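Input: a single structure, listed below in structure tokens.
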Amino acid sequence: DEDERTERIEAALAELGDDVVILGHNYQRREIVEHADFVGDSYQLSKEAANADADYVIFGGVTFMAESADIITDDDQSVILPSMEASCPMAGMAEALQVDAAWAEITAATDDDIIPITYMNSYADLKAFCAEQGGLVCTSSNAHKAFEYAFEQGDKVLFLPDKHLGENTAHRLDMAEEIVEWDPWDPEGKDPEEAAENDIILWDGYCQVHERFRASHIEDLREERPDANVVVHPECRREVVEAADVVGSTSTICQTVADAEPGDTWAIGTEIHLAKHLDRWHPDVEVLPLCGDACMDCNAMRQIDPNYLTWVLEELVEGRERNVIEVAPEEKELAQVALDRMLEI
Ligand code: 13P
Ligand code: SF4
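Under full-length UniProt numbering, the letters of the sequence shown match residues 29 to 373, in that order.
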């Protein structure tokens, strides 16, 4: 049962002491978040990984986050992901080989300098590709800064893989007129000439959790609860972001509720576990999930089961390292360049 499991986790942590640090993304289950030394958004977790002294960084999150932590930490530190099944589908929507092919087509159609930006939600080989082409990584909290950096370095941006974050960022920078989409799966959906005529080329990837939010969810809520405020993640469709009161990364969502007045009502347009945490963390604020709590569950994040956390910790106590995430050395160095560019901006 949960009490017994908690005792086992605490006993293992007491045994391991400073050798271990646990990082937890805001979308992790309560049973993971409660054991984490630090809980935050993707950007904050990458900073915490960079500053960590522990031999073992246990990552409560998904594969691309653990990969980034492995890239950022020292070579003698190990990053452990309690489940190897925790893969974000969006990260799989832009494979480096596929991007390489698109890059060849787009660059052949223009003399302009194109800077690729990849969202953190991507694998290390794509981050390495971006670094090689003068580009960088961003997260939802600094995408606008990454765009500004890219337009200082070049003439156009290829943004991967999340078209909604790309579109929402273009709007934030008053550049919505410059957008063209590139759908690598549809022969009709990619036109190098059209790409050459626009300054922002958006790869056709998306998050299947955030795509399920619709403007009608906000309209219905406003009808039922005119007093409610709405905060959403920028992976949501443009129409949803336009209908919301606040848009931002998971840490902005946390801050928005933390800053609310007692008695205020906030509906949360993001993964359901964060809405549940905010409800627990701020009992004086009324926290509502934007769309009931049935559908907005990230299956990748959910793979980090507290039983697996117990297992990797108890194995470490026995001297066995399980589920170590190791990025290939040839990708590591370049991917680090792309991540360092983000940390610098
Ligand atoms: P944040 O960087 O805002 O934490 O988002 C990560 C993510 O995967 C959202 O779906
Ligand atoms: Fe990936 Fe979406 Fe899950 Fe975030 S919520 S980890 S983008 S599938």
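Glycine residues also receive a C-beta, built at the ideal position from the N, C-alpha and C atoms.
Since this is a predicted model, take the numbers as computed values, not measurements.
For residue 54, the shortest C-beta to heavy atom distance toward the ligand 13P is below 7 Å.
Counting the other CB atoms within 10 Å of its CB gives residue 318 a total of 16 or more, which places it among the buried residues. With contact defined as three or more Cβ pairs closer than 8 Å, the stretch 327-337 and the stretch 87-98 are in contact. In the DSSP assignment, residue 96 falls within the alpha helix (DSSP H) that extends over 91-100. Those residues that bring their Cβ nearer than 5 Å to a heavy atom of the ligand 13P are 69, 70, 167, 168, 277, 278. Between residue 366 and residue 127, the C-beta gap is not smaller than 8 Å, which leaves the two residues out of contact. Boundaries of the alpha helix (DSSP H) harbouring residue 220: 220-225, taken from the DSSP string.
Relative to the ligand SF4, the nearest heavy atom lies less than 7 Å away from the CB of residue 238. The C-beta separation of residue 228 from residue 134 comes to about 12 Å, leaving the pair out of contact by the 8 Å criterion. If you draw a straight line from the Cα of residue 231 to the Cα of residue 157, it comes to about 15 Å. For residue 144, the enclosing beta strand (DSSP E) begins and ends at 142-147. Counting along the chain, the unbroken beta strand (DSSP E) around residue 293 starts and ends at 293-297.
Around residue 177, the same chain offers 373 as residues with beta carbons nearer than 6 Å, after the five sequence neighbours per side are excluded. A residue is called buried once 16 or more other Cβ atoms fall within 10 Å of its Cβ, and residue 313 is buried on that count. Contact check for residue 43 and residue 345: beta-carbon distance about 5 Å, within the 8 Å limit, so the pair qualifies. Where residue 109 is concerned, there is no enclosing beta strand (DSSP E), because DSSP gives it neither an H nor an E.
Relative to the ligand SF4, the beta carbon of residue 149 is positioned inside 7 Å of a heavy atom. If you look at residue 207, you'll find it in the beta strand (DSSP E) that goes 207-210. Set against 7 Å, the gap from the CB of residue 319 to the closest heavy atom of the ligand SF4 is not smaller. For residue 355, the distance from the CB to the nearest heavy atom of the ligand SF4 is not below 7 Å.
DSSP places residue 172 in the helix class (H, G or I) of the three-state scheme. The Cβ atoms of residue 257 and residue 293 lie closer than 8 Å to each other. The residues 33, 36, 37, 40, in chain order, have a CB closer than 8 Å to that of residue 338 in the same chain once the five nearest residues on each side in sequence are set aside. Within the chosen limit of 7 Å, the ligand SF4 does not reach the beta carbon of residue 76 with any heavy atom.
Residue 111 counts as buried, since at least 16 other C-beta atoms from the protein chains shown sit within 10 angstroms of its C-beta. Cβ neighbours of residue 207 within its own chain (closer than 7 Å, five residues either side excluded): 195, 198, 226, 228, 230.
For residue 166, the pairing in a beta bridge is given by DSSP as 147. Cβ-Cβ distances below 6 Å link residue 61 to 52, 67 in the same chain, with the five nearest sequence neighbours on each side left out; the list follows chain order.
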